[in-house]
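*Asks:* For the record, in the sequence shown the residue sitting at position 60 is 106 according to the working numbering, with numbers rising by one throughout.
Note that the Cβ used here is the ideal one computed from N, Cα and C, for glycine as well.
Please read these numbers as outputs of a predicted model, since none were measured by experiment.
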Amino acid sequence: MPKSTYIALGSNLGSQEKNLRLAAAELQKISTSPLLASSIWWSTPEGFDEDVAAFCNAVVAVEVEMAADELLVRLKEIEQQMGRARSKGGSYLSRTIDLDIIDYDLRVLKTEGLELPHPRAASRRFVLLPLQEVAPRYRFPGIEHDLEALIEMAPENPMRKSSPLNPLG
Numbered sequence: 047m048p049k050s051t052y053i054a055l056g057s058n059l060g061s062q063e064k065n066l067r068l069a070a071a072e073l074q075k076i077s078t079s080p081l082l083a084s085s086i087w088w089s090t091p092e093g094f095d096e097d098v099a100a101f102c103n104a105v106v107a108v109e110v111e112m113a114a115d116e117l118l119v120r121l122k123e124i125e126q127q128m129g130r131a132r133s134k135g136g137s138y139l140s141r142t143i144d145l146d147i148i149d150y151d152l153r154v155l156k157t158e159g160l161e162l163p164h165p166r167a168a169s170r171r172f173v174l175l176p177l178q179e180v181a182p183r184y185r186f187p188g189i190e191h192d193l194e195a196l197i198e199m200a201p202e203n204p205m206r207k208s209s210p211l212n213p214l215g
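So this is what it looks like as structure tokens:
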């Protein structure tokens with residue numbers, strides 16, 4: 047039975063908007079239903095030790111027939127195919143693509159490699175604003191506030207809405 051899943055996309059290397067569109071096309075291949083995508087949003091990088099390029103962000107809703115851990119493996123494969131480099135010391139690196147599972151079938155899960163819902167998504171405007179576009183009534187499991195309240199409470203981050211996220215391919 048398909049599982050409703052929200053995935054956040056981000057890029058700040060290369061042709062960022064094109065990177066998001068290519069990744070969205072790959073996500074469409076694993077979805078059992080048409081992809082529902084937010085607009086592309088530009089944001090100021092958060093958590094980096096140095097000045098880096100602005101990020102393009104988006105959220106897509108997909109239906110998948112794989113377990114959450116299998117989905118995570120598939121997302122990492124897509125990132126690797128698109129040239130994603132991972133840091134070894136836990137610091138943030140610029141990236142061609144970043145794919146994060148924000149929610150998987152409203153499940154709460156914590157394993158060594160995966161925490162659901164995504165542990166920082168509810169406090170990041172660059173996730174919340176695109177998520178609000180695709181699922182305005184969404185509520186994070188275990189969090190009493192709706193998206194509008196979470197957006198108001200999230201740390202300020204200048205955001206600019208760009209174009210629709212139309213998958214390439």
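Using DSSP's beta-bridge definition, name the partner residues of residue 51.
*Replies:* Its beta-bridge partners are 108, 150.
*Asks:* Can we say the region 155-169 touches the region 57-65, given the rule of at least three CB pairs closer than 8 angstroms?
*Replies:* At 8 angstroms Cβ cutoff, the stretches do not touch.
*Asks:* If you measure between the beta carbons of residue 174 and residue 143, is that distance less than 7 angstroms?
*Replies:* No, Cβ-Cβ distance for residue 174 and residue 143 is not below 7 angstroms.
*Asks:* Hey, how far is the Cα of residue 79 from the Cα of residue 70?
*Replies:* Computed Cα separation, rounded: 13 angstroms.
*Asks:* Check each candidate in 214, 185, 55 and name the one with the smallest Cα separation from residue 106.
*Replies:* Answer by Cα proximity: 55.
*Asks:* Straight-line CA distance for residue 109 to residue 92?
*Replies:* Those two C-alpha atoms are separated by around 29 angstroms.
*Asks:* Could you check where the alpha helix (DSSP H) with residue 197 kicks off and where it finishes?
*Replies:* Start and end: 193-199.
*Asks:* Just to confirm the assignment: which complete beta strand (DSSP E) runs, minimum length 3, are found wholly within the region 64-108?
*Replies:* You should have 85-89.
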